[in-house]
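Per the working numbering, residue -18 is the first one in the sequence shown, and the count goes up by one each step.
Encoded as structure tokens, the structure appears first; notes follow it.
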Amino acid sequence: MMRRRLWLDAAVAFCGACVLGFAAHAAEPFKIGFILPMTGQQASTGKQIEAAAKLYMAQHGATVSGRKIELIVKDDGGAPDMTKRLAQELVVNDKVDVIAGFGITPAAFAAAPIATQSKTPMVVTAAATSAITERSPYIVRTSFTLPQATVPIADWAAKNGIKTAVTFVADYGPGLDAEKFFISQFKLNGGKVIGEIRTPLKSPDFAPFLQKVADLKPDAVFVFLPSGQGAAFMKQFGERGLDKSGIRLIATGDVTDDDQLAEMGDVALGVVTSHHYSAAHPSAMNKKFVAAFEAANHFRPNFMAVAGYDGMHLIYSALAATGGKGGGDALLAAMKGQVFESPRGQILIDAQTRDIVQDIYIRKVERVPAMGNQLYNVEFDVQKAVKDPGKAK
Ligand code: PHB
């Protein structure tokens, strides 16, 4: 009798442990570790993405399939060695389920091996050099690629009376992608590139480079500069009288960044760019997104914010697809092939490349009376469902 009792007690105790063990697992938070430049030259990217991730959580709740979502934000100051160290710490010490963010290409490159070694999904919500997704099978991107944003403006330029152009790009990954794809597409359309200018990424003084553009007298100058540098560039463009020189300014939308557009002033009027997101995108979903973002933050969301918001959507729906279980490989499988509506329009995560497929809009900077008479990138044409041309080698 005694023996039987002991056995029963043991069985009950064991089962109790099972239940407790299961409950402990179910209650474990699901951790998302964002690594962003919250300070330094690229700080606007960090500010935008953090605000968007928090907005997403405020709107969609902080629990998915029974797992409490924990957001961790680390500041790498845009320094790749710091990105790598933070990625390591997040994976090893904090045991995060996903790493996300990556404000500039060198930061994304630095973190890629950590994602591979630890089998941790890495959601790139900013950096935009084409090759990034090839650096780890665990990388998925919700931002864009420079070849994707550039080819449509090269098409537009050639069809709109621009016969000669000078390229003007930041001298690193995304700038080199923009330069290469602008030149090849513009030439394919019969255009002629008469100068190629590269500016340093860190604290650039654009004056000598702008002088070179003035001397070359192209029909247009095509510009890529990373988010955060647009206002300084525009100011110097105006100060040197280039806005009145007859040389047209065309660019990717990084230059007429919604984060800085209001402060650029009239010099930006009429600038034509191509990009995947404008705060003035006229969909119902975007209007709601912009209103909620502005109410929470008192600044306008830009293309970095929308990629952060969609990155959270991708992570939430992947976690839900695994029934809250998570796991690197299962999450990744659930992210591949996702199609959903973003404030920018419909997007797809290409299951083969893990890169984003999206519409690229041609926009012109205008004052919009219906939107407080502020400057906006007003969309007037679109190339639908553009895949990254950088992958079609
Ligand atoms: C990048 O470093 O990949 C990058 C940063 C800012 C941009 C675009 C690309 O606006």
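Cβ atoms here follow ideal geometry from the backbone N, Cα and C, with glycine treated the same way.
Source: prediction; values computed, not measured.
Are the Cβ atoms of residue i and residue j separated by less than 8 Å?
i, j, result
"residue 151", "residue 127", "no"
"residue 86", "residue 155", "yes"
"residue 188", "residue 210", "no"
"residue 46", "residue 305", "yes"
"residue 58", "residue 20", "yes"
"residue 367", "residue 338", "yes"
"residue 248", "residue 219", "yes"
"residue 92", "residue 175", "no"
"residue 228", "residue 194", "yes"
"residue 79", "residue 13", "yes"
"residue 125", "residue 159", "no"
"residue 315", "residue 302", "yes"
"residue 41", "residue 357", "no"
"residue 166", "residue 341", "no"
"residue 50", "residue 90", "no"
"residue 346", "residue 250", "yes"
"residue 307", "residue 313", "no"
"residue 355", "residue 243", "yes"
"residue 100", "residue 234", "no"
"residue 343", "residue 295", "no"
Within a Cβ cutoff of 8 Å, which residues of the same chain sit near residue i, ignoring the five residues on either side of it in sequence?
i, result
"residue 2", "Confidence in residue 2 is poor, its pLDDT being 44 and thus under 50, which makes the residue's placement unreliable; the coordinate value appears in the next sentence. Within the same chain, residue 2 has no close Cβ partners at all."
"residue 117", "93, 94, 96, 97 and 103"
"residue -15", "Because residue -15 carries a pLDDT of 49, less than 50, the predicted location of this residue cannot be relied on, and no value is offered for it."
"residue 184", "22"
Report the three-state DSSP secondary structure of residue i (helix, strand or coil).
i, result
"residue 81", "strand"
"residue 236", "coil"
"residue 408", "No information on residue 408 is available, as it lies outside the stretch -18 to 374 that the chain covers here."
"residue 131", "helix"
"residue -13", "Legend: pLDDT at residue -13 = 48, less than 50; position of this residue unreliable, value from coordinates given subsequently. Residue state, collapsed to three classes: helix."
"residue 228", "coil"
"residue 184", "coil"
"residue 262", "coil"
"residue 119", "coil"
"residue 192", "helix"
"residue 250", "coil"
"residue 111", "helix"
"residue 359", "strand"
"residue 9", "coil"
"residue 336", "coil"
"residue 255", "strand"
"residue 203", "strand"
"residue 364", "strand"
"residue 2", "Reliability of the predicted coordinates at residue 2 is poor, the pLDDT of 44 falling under 50, and no value is obtained from them."
"residue 198", "coil"
"residue 14", "strand"
Given residue i, which residues of its chain have a CB within under 6 Å of its CB, disregarding the five upstream and five downstream residues?
i, result
"residue 290", "33 and 37"
"residue 122", "105, 114, 336 and 337"
"residue 283", "29, 238, 239 and 240"
"residue 214", "187 and 206"
"residue 372", "334"
"residue 281", "239 and 260"
Quick one: what's got a C-beta closer than 7 Å to residue i's C-beta in the same chain, skipping five residues either side?
i, result
"residue 241", "211 and 212"
"residue 285", "26, 29, 30, 107 and 208"
"residue 171", "139"
"residue 4", "Reliability of the predicted coordinates at residue 4 is poor, the pLDDT of 47 falling under 50, and the value obtained from them is presented with this limitation in mind. No residues qualify anywhere along the chain."
"residue 352", "261"
"residue 43", "49 and 50"
"residue 177", "148 and 160"
"residue 190", "149, 178 and 180"
Regarding residue i and the ligand ZN, is the C-beta to nearest heavy atom distance less than 7 Å?
i, result
"residue 312", "The ligand ZN is absent from the structure shown, which contains only the ligand PHB."
Using a Cβ cut-off of 8 Å (strictly closer), state whether residue i contacts chain B.
i, result
"residue 56", "Annotation note: the requested chain B is absent from the structure, which comprises a single protein chain."
Report the residue ranges of all alpha helix (DSSP H) runs contained in full by the stretch 22 to 109; include only those spanning at least 4 residues, in chain order. 24 to 41, 61 to 73 and 86 to 99
Quick check: the stretch 252 to 265 against the stretch 325 to 345, are there 3 or more CB pairs under 8 Å? yes
With three or more C-beta pairs closer than 8 Å as the rule, is the stretch 78 to 93 touching the stretch 265 to 273? no
Taking three-plus beta-carbon pairs below 8 Å as touching, is the stretch 137 to 150 in contact with the stretch 187 to 206? yes
Within the chosen definition, does the stretch 115 to 134 reach the stretch 63 to 71 through at least 3 CB pairs nearer than 8 Å? no
In the stretch 261 to 331, which residue ranges form an unbroken beta strand (DSSP E) of at least 3 residues, counting only runs that do not cross its ends? 320 to 323 and 326 to 330
At 4 residues or longer, what runs of the alpha helix (DSSP H) sit wholly inside the stretch 144 to 181? 154 to 169
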